[in-house]
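Shown next, in structure tokens, is the structure this report addresses.
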Amino acid sequence: LCAAQVVHSAGRRFIVSPVPESRLKDQ
Amino acid sequence: AEDTGVRVELAEEDDGKKAAIALKLWVEDPKKLKGKYKESGAIEFTFELEKETPEGVAQEMVESGFFHESDAKIVGKSIRDRVALIKWRRERSVLAGP
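Top to bottom, those sequences are chains A and B.
Sequential numbering from 7 applies to the first sequence in my numbering.
Sequential numbering from 1290 applies to the second sequence in my numbering.
Okay, here's the thing in structure tokens:
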């Protein structure tokens, strides 16, 4: 798994992490 | 709530008191989006219940490159639905008392 990625936008912090496959549709 | 293809859930349990809640958003069904979607994973962010608007956060996600401009509305709606549910739950727990 990839490590979480942090994206900053106008003072906000978005933390991006992989979605477990079980949470996706049509997989 | 309507199935928008974009799922929004609480990233941590809501204690009913915090002004800012942690939410997690991910795309369940990319076919429901209008613009081209680049798989980026689940996006975790905080949302100020009284200060912010779901549409404003959706726009920030567009500006950060997570979504295409044409999907800002659908992302905003998905956040709005979840926030409405959280607010409703909070109101209900206040009415129910301690």
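Ideal Cβ placement from N, Cα and C applies to all residues, glycine included.
Review point. Closest to phenylalanine 1336 of chain B by CA distance: which of B:Glu1301, B:Ala1385 and B:Asp1292 is it?
Key: In the second sequence, the residue the question calls residue 1336 of chain B occupies position 47. Nearest C-alpha to phenylalanine 1336 of chain B: B:Glu1301.
Review point. Closest Cβ-Cβ distance between valine 1346 of chain B and chain A: below 9 Å?
Key: The residue you call residue 1346 of chain B lines up with position 57 of the second sequence. Closer than 9 Å: yes.
Practice item. On a CA-only basis, which of B:Glu1333, B:Pro1343, B:Gly1345 and B:Glu1344 is nearest glutamine 11 of chain A? Give me that one, please. Key: Along the first sequence, read from residue 1 onward, the residue named residue 11 of chain A stands at position 5. Here the closest residue by C-alpha is B:Glu1333.
Check your understanding: By the criterion of Cβ-Cβ separation under 8 Å, what are the contact partners of glutamate 1358 of chain B in chain A?
Key -> In the second sequence, the residue the question calls residue 1358 of chain B occupies position 69. Near glutamate 1358 of chain B there are no residues of chain A at all, since even the closest Cβ is about 15 Å away, more than 8 Å.
Review point. Based on the DSSP output, what are the partners of proline 14 of chain A in its beta bridges?
Key: Position 8 of the first sequence, counted from the first residue, corresponds to residue 14 of chain A. Inspection of the sequence shows that residue 14 of chain A is occupied by histidine rather than by proline. Answer is A:Arg19.
Point to revise | Own chain partners of leucine 1299 of chain B with C-beta closer than 6 Å, once the 5 adjacent residues on each side are dropped | key: For the purposes of this step, residue 1299 of chain B is identified with residue 10 of the second sequence, where counting begins at 1. Excluding sequence neighbours, leucine 1299 of chain B sits near nothing in its chain.
**Study point:** Between the CA atoms of alanine 1309 of chain B and arginine 1369 of chain B - distance to the nearest angstrom
**Key:** Here residue 1369 of chain B is taken as the residue at index 80 of the second sequence, counted from 1. Here residue 1309 of chain B is taken as the residue at index 20 of the second sequence, counted from 1. Taking the straight line from one Cα to the other gives about 14 Å.
Practice item. In angstroms with no decimal places, state the Cα-to-Cα distance between alanine 1347 of chain B and alanine 1385 of chain B. Key: Mapped onto the second sequence, residue 1347 of chain B falls at position 58. Mapped onto the second sequence, residue 1385 of chain B falls at position 96. Straight-line Cα distance between these residues: approximately 33 Å.
Practice item. For threonine 1335 of chain B, write down the residues that DSSP places opposite it in a beta bridge. Key: The residue you call residue 1335 of chain B lines up with position 46 of the second sequence. Threonine 1335 of chain B is bridged to B:Ala1311.
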